[in-house]
Each structure stands twice: as C-alpha cells, then as structure tokens.
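Numbering (UniProt numbering), first residue to last: 1 to 73.
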C-alpha cells in the first residue's frame, strides 16, 4: 500500500478510516479515535495519512512512507 493515502473522513455522526482498495476500514465515534487508528495503519503500511474536516476538505497530511512522520498542513 506504499504511497497511497489513508483517509480520516466524516461518516454519518462519526468518523471513518478509509483505505484505498477496501473502502471504510473502521468507523469511530470521535475524530480523535479515527486519527489514532489511521495513524497506526499508516505507520504499518508506510502510507500517507490525510485528515479531513467535517466539510470534506483535507486539513492535515502526514506521510509515513519512509518509516517516520513528515507533517504537512
């Protein structure tokens, strides 16, 4: 999954972690829970984490592609 984004996005009343090939990976009550899960997944998969706001726009990007975080946004 290298170089593909993992997205934290609004989903109904909660937040979802979406992966490129599998749709929603998990649903969470809070954005903080979704970010924590998305971060662990991005680290494990050496992928980029994209955190969206309620409006759907990307607020933060963090890259774990090279094994350590690079924060943008």
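For every residue, glycine included, the Cβ atom is placed at its ideal position computed from N, Cα and C.
What you are looking at is a predicted structure, and each value in this text was computed from that prediction instead of being measured.
**OP:** Could you check if residue 38 is buried or exposed, using at least 16 other CB atoms within 10 Å of its CB as the buried criterion?
**Re:** Sequence index remark: in the chain shown, residue 38 carries index 38 (1-based). When all chains shown are included, residue 38 counts as buried.
Original post:
Who pairs with residue 10 in a beta bridge, going by DSSP?
Top reply: Numbered from its first residue, the chain shown carries residue 10 at position 10. 15.
Original post:
Around the Cβ of residue 32, are there at least 16 other Cβ atoms within 10 angstroms (buried) or fewer (exposed)?
Top reply: Sequence index remark: in the chain shown, residue 32 carries index 32 (1-based). Classification for residue 32: exposed.
Subject >> Under the three-state DSSP convention, the category residue 38 falls into >> reply: In the chain shown, counting from the first residue as 1, residue 38 sits at position 38. The answer is helix: DSSP assigns residue 38 an H, G or I state.
**OP:** Look at the Cβ atom of residue 28, then the Cβ atom of residue 46, and state whether they are nearer than 8 angstroms.
**Re:** Here residue 28 is taken as the residue at index 28 of the chain shown, counted from 1. Here residue 46 is taken as the residue at index 46 of the chain shown, counted from 1. No, the pair does not count as a contact, with Cβ atoms beyond the cut-off.
Original post:
DSSP state of residue 57, grouped into three classes?
Top reply: For the purposes of this step, residue 57 is identified with residue 57 of the chain shown, where counting begins at 1. Here residue 57 sits in coil by DSSP.
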